[in-house]
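First comes the structure, then the notes that go with it.
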Amino acid sequence: MSKLPDHAIDGLQALLKGSVTIATLPDSFKITRSRPHGQVAAVLGSVKNTGLPNLISSENSRNRRLVLALGG
61 MSKLPDHAID
71 GLQALLKGSV
81 TIATLPDSFK
91 ITRSRPHGQV
101 AAVLGSVKNT
111 GLPNLISSEN
121 SRNRRLVLAL
131 GG
C-alpha cells in the first residue's frame, strides 16, 4: 500500500514504537569537506588583520574566545 521501500517502513515502525534506528549520530554521517561561508571568512579575516583579538584581551582567555566566536 505504500511506495516506500521495505527497509524504510521497518525503520518508521521501529521509530513509532520508540526504538532507536541508528547506534550513534556521528556514525550516520560522513563529512567530506567543511568550509566557512564567505561572509564568516571575511569577518574573521578582518578581525585578525585589525588586531581586534589583542584589543579585547591580551591573553587568550575564555571571554576573548567567546567574543570572537560571536563575531564569526
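Taking my numbering as reference, the numbering of the sequence shown is continuous, increasing by one, and the terminal residue is 132. Backbone N, C-alpha and C fix where the C-beta goes; we use that ideal spot for every residue, glycine too.
When the Cα of residue i is compared with those of the options, which residue comes out closest?
| i | options | result |
| --- | --- | --- |
| residue 107 | 129, 86 and 79 | 129 |
| residue 99 | 64, 80 and 131 | 131 |
How far does the alpha helix (DSSP H) with residue i in it extend, from its first residue to its last?
| i | result |
| --- | --- |
| residue 66 | 66-76 |
By DSSP, does residue i sit in helix, in strand, or in coil?
| i | result |
| --- | --- |
| residue 80 | coil |
| residue 120 | coil |
**Request:** Mind listing, in chain order, the continuous alpha helix (DSSP H) runs of no fewer than 4 residues lying wholly within the region 87-118?
**Result:** Within the region 87-118, the complete alpha helix (DSSP H) runs of at least 4 residues are 98-110 and 112-116.
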